[in-house]
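Visitor: This note's numbering puts the first residue of the first sequence at 42, with every later residue one more than the last. Once you've had a glance at the structure underneath, I'll fire off some questions.
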Amino acid sequence: MPELPEVETIARGLHKRVTGDVIESVWLGRKPEPLKSTALEIARVLEGSRIGGVRRVGKHIVVDLERNPVARPPRSAKSRKTGLARRGFKTRPAPPSPTTLAEAGRAARPELAEGSIRSTAAGAIQSKSQWIVHLGMTGRLLVCEPQDEVLKHTHAIVQLASGRELRFVDPRRFGRLSVTRDGKFEAGGFEPLEVELDRFTVLFHGRKTPIKSALLNQKLLRGVGNIYADESLFRAGIRPRRRAASITHEQLRRLFLSVKEVLQEAIALGGSSISDYVDAAGEEGAFQLQHRVYGREGEPCLVCKTPLRRVVIAGRSSHYCPKCQK
DNA sequence: ACTATTTCCTGGATGC
DNA sequence: TGCATCCAGGAAATAG
């Protein structure tokens, strides 16, 4: 279940491997789509774009895209592969059309050199856009070779000029793909690793909701999920059910430090591999071995040996030590 | 304006 | 072995 450290690990791996590559063609799976934007919008923005870099914002992977603002020839309905996929496809997807959009554009408008910013297409084309990927619970974004087996639940295949492919695989379909045309993706909330203490304190001030729920609220802090919320609360000595408003300033300071500490340690270990999480290179993280409460219901607290408890808060299982956390 | 609950989705675990 | 049921959870939608 990718949270901030897992997404950070994936984004770093992708950044290293695909920055500078050019997207030649895009295949998107069937509806009901795992998509926020429409398949058409996604394909239009991606195809012909150069990957300027990959980074993390909250739990989102942001792929920054650049393109030559060339006039774009209309595509015929027949040439569009999007939406043609059928449920549970098992064969290789159709190969990319021999002429990519970018090539067609350059051929049609050779005077538009690399780096040109002007477009004749009435504001329809931006030089900066973004591909936004949210992995949900079980999503993966993998760099593959074309001959690699296409995994079940592959919902998108992005073919790169280098010959490799970026594949989005998501069995549970909680993941989302979308694009922006202005390069201005906004996630809301503050980055937990960047937020300052006074801001952090204000975020929770006066809230009646349990502190666990507040930590999971992406409009406050972005990137903290169930595992790291529980681990942070344990390190701070705060029970997950405590109302945010009832937490003292000193305890909030401890929580502030704990959140950063847990996330930084997890990033250093490549994230937590629970169930099937792997990074862009297929490597597992190691932070699951450092979990002190998450997934340890009934096991002894590592500090005081008291059996750990699990309760459900706002539909999320929450693990804590009844003695160490008040 | 907040907060709480429901919904989406499928594989794996559990129970009979 | 097989079949039904439950559970995991991020975030949007809905309800209170």
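Each residue gets a CB set at the ideal place from its N, CA and C atoms; glycine is no exception. Since the structure is predicted, the reported quantities are computational estimates derived from the model, not experimental observations.
What would DSSP say about GLY94, mapped onto helix, strand or coil?
Guide: Looking at GLY94 - three-state DSSP - the assignment turns out to be strand.
Visitor: Report the start-end ranges of each beta strand (DSSP E) in the stretch 152–240 that is 3 residues or longer and not cut off at the edges.
Guide: Here the runs fully enclosed are 169–175, 181–185, 195–201, 206–210 and 217–221.
Visitor: Should ALA270 be labelled buried (16 or more other beta-carbon atoms within 10 Å of its own) or exposed?
Guide: ALA270 is buried by the Cβ-count criterion.
Visitor: DSSP three-state label for PRO363, please.
Guide: PRO363: coil per DSSP, three-state reduction.
Visitor: Checking the sheet assignment: what are the DSSP bridge partners for PRO341?
Guide: The partner list for PRO341 (beta bridge, DSSP) reads PRO348.
Visitor: Any idea which residues DSSP pairs SER78 with across the strands?
Guide: Paired residue(s): none; SER78 is not in a bridge.
Visitor: Assuming SER287 is part of the alpha helix (DSSP H), what are its boundary residues?
Guide: Taken as a continuous stretch (DSSP letters only), SER287 belongs to no alpha helix (DSSP H), as it is neither H nor E.
Visitor: Decide yes or no for the touch test of the stretch 179–197 against the stretch 229–246: beta carbon pairs closer than 8 angstroms, at least 3 of them.
Guide: Short answer: they don't touch.
Visitor: Are VAL95 and GLN171 close, meaning C-beta to C-beta below 8 angstroms?
Guide: Result no, Cβ atoms of VAL95 and GLN171 do not sit closer than 8 angstroms.
Visitor: Using alpha carbons as the reference points, say which of HIS194, PRO187, ALA286 and GLN292 lies closest to GLU206.
Guide: Checking every option, the nearest Cα to that of GLU206 belongs to PRO187.
Visitor: Report yes if the CB atom of VAL300 is closer than 8 angstroms to the CB atom of VAL184, and no otherwise.
Guide: Contact flag unset, no.
Visitor: Between which two residues does the alpha helix (DSSP H) carrying LEU55 extend?
Guide: Residues 45–59.
Visitor: Please classify GLU302: does DSSP put it in a helix, a strand, or coil?
Guide: Residue state, collapsed to three classes: helix.
Visitor: Mind checking whether HIS175 and GLY216 have CB atoms under 8 angstroms apart?
Guide: Yes, the pair counts as a contact, with Cβ atoms nearer than the cut-off.
Visitor: Closer than 6 angstroms by C-beta to PHE297: which residues in its own chain qualify, once you throw out the five before and the five after it? Chain order, please.
Guide: LEU238 and PHE241, listed in sequence order.
Visitor: Who does HIS101 pair with in a DSSP beta bridge?
Guide: DSSP output for HIS101 lists VAL98 and HIS175 as bridge partner(s).
Visitor: Whole angstroms is fine: what's the gap from ARG337's alpha carbon to LYS364's?
Guide: Looking at the two C-alpha atoms, the distance is approximately 15 angstroms.
Visitor: Using a threshold of 8 angstroms, state whether the C-beta atoms of GLY278 and GLN366 are closer than that.
Guide: Yes.
Visitor: Straight-line CA distance for GLN331 to PHE226?
Guide: Near 33 angstroms, if we compare the C-alpha coordinates of PHE226 and GLN331.
Visitor: Please classify VAL334: does DSSP put it in a helix, a strand, or coil?
Guide: Correct three-state label for VAL334: coil.
Visitor: Among ALA255, TYR361, LEU257 and VAL210, whose alpha-carbon lies nearest the alpha-carbon of GLU190?
Guide: Closest option to GLU190, Cα to Cα, is VAL210.
Visitor: Buried or exposed, going by whether 16 or more other CB atoms sit within 10 Å of the CB of SER203?
Guide: Exposed.
Visitor: Mind checking which residues open and close the alpha helix (DSSP H) that includes LEU256?
Guide: 252–257 is the span of the alpha helix (DSSP H), which, as asked, contains LEU256.
Visitor: Using the three-state DSSP reduction, which class does ILE369 fall into: helix, strand or coil?
Guide: Nothing about residue 369 can be read from this structure; the chain reaches only from 42 to 367.
Visitor: Tell me the rounded alpha-carbon separation between HIS194 and GLY70.
Guide: So the two alpha carbons sit approximately 9 angstroms from each other.
Visitor: Run through DSSP, which three-state label would LEU310 get?
Guide: Of the three classes helix, strand and coil, the one that applies to LEU310 here is coil, per DSSP.
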